[in-house]
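Reviewing the structure listed below.
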Amino acid sequence: MRRQFKLQEDILVNASQAELYAAVAEVRAMGKYSPECRAVLGPRGPVAAGRRFVGLNRKGPFFWFTWCRVTCAEAPERFTFDVYAFGLPVARWGYRFTPEGGGVRVTESWEDLRTGRGARLTELLGLLFTGTPAGRRADINRAGMRTTLLRLKRAVER
């Protein structure tokens, strides 16, 4: 099977764009939604573009941290951040909030940035810290994205 470098999952939520954007842009709350993120060290409240935070993650017996930087904070439509490990690019996570009917379609996206120079080292670090080979990361993330979106829906839906 060919390695996937991009994914997206979506869900329809009965809430406003502003509520959903605020829930995601409050990065310290991400541990409530994501099955791998356990906590975030960073600023409180909705985070602006350029701000940095640290993600503390766990999957089974594996525990790791990542450095993150918000690359897009366009309330209430889009929120995106890049993830780094030891200064090397790992991934880009994004959320889009699109009105649909009486609710909002939340689309979560992931892009594997482990390409080009440093990719092999980053893939090796990913395997050592997360226990997941680069070729299986998309499968793990797809399941995680579905869980994240369902938890977000339950948390904000009226």
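Numbering (the numbering used here), first residue to last: 59 to 216. Just so you know, even glycine gets a beta-carbon here, dropped at the ideal spot from N, CA and C. This one's a predicted model, so the numbers in the text were calculated from it and none came from an experiment.
Per-residue burial, residue i [other beta carbons within 10 Å of its own, 16 or more giving buried]
i, result
"residue 173", "exposed"
"residue 166", "buried"
"residue 103", "exposed"
"residue 107", "exposed"
"residue 195", "buried"
"residue 112", "exposed"
"residue 144", "exposed"
Terminal residues of the alpha helix (DSSP H) in which residue i lies
i, result
"residue 179", "177-188"
"residue 76", "75-83"
"residue 89", "88-91"
Where the beta strand (DSSP E) through residue i begins and ends
i, result
"residue 199", "Not the beta strand (DSSP E): residue 199 falls in the alpha helix (DSSP H), residues 195-214."
"residue 143", "136-143"
"residue 98", "95-99"
"residue 71", "64-71"
Neighbourhood of residue i by C-beta distance below 7 Å, restricted to the same chain and skipping five residues each side
i, result
"residue 198", "190"
"residue 122", "115, 187 and 188"
"residue 118", "189"
"residue 176", "146"
Residues of its chain near residue i, where Cβ-Cβ distance is below 8 Å and the 5 sequence neighbours each way are ignored
i, result
"residue 135", "75, 79, 154, 155 and 156"
"residue 95", "88, 89, 113, 114 and 115"
Alpha-carbon to alpha-carbon, residue j and residue i
i, j, result
"residue 127", "residue 140", "5 Å"
"residue 170", "residue 151", "9 Å"
"residue 83", "residue 184", "25 Å"
"residue 164", "residue 89", "18 Å"
"residue 138", "residue 179", "24 Å"
"residue 211", "residue 66", "16 Å"
Residues near residue i in its chain [Cβ-Cβ closer than 6 Å; skip 5 each side]
i, result
"residue 105", "83, 85 and 128"
"residue 161", "70, 71 and 72"
"residue 201", "none"
"residue 205", "93"
Practice item. Could I get the ranges of all uninterrupted beta strand (DSSP E) runs contained in the stretch 107-168, with 3 residues as the minimum, in chain order? Key: 110-117, 120-132, 136-143 and 146-158
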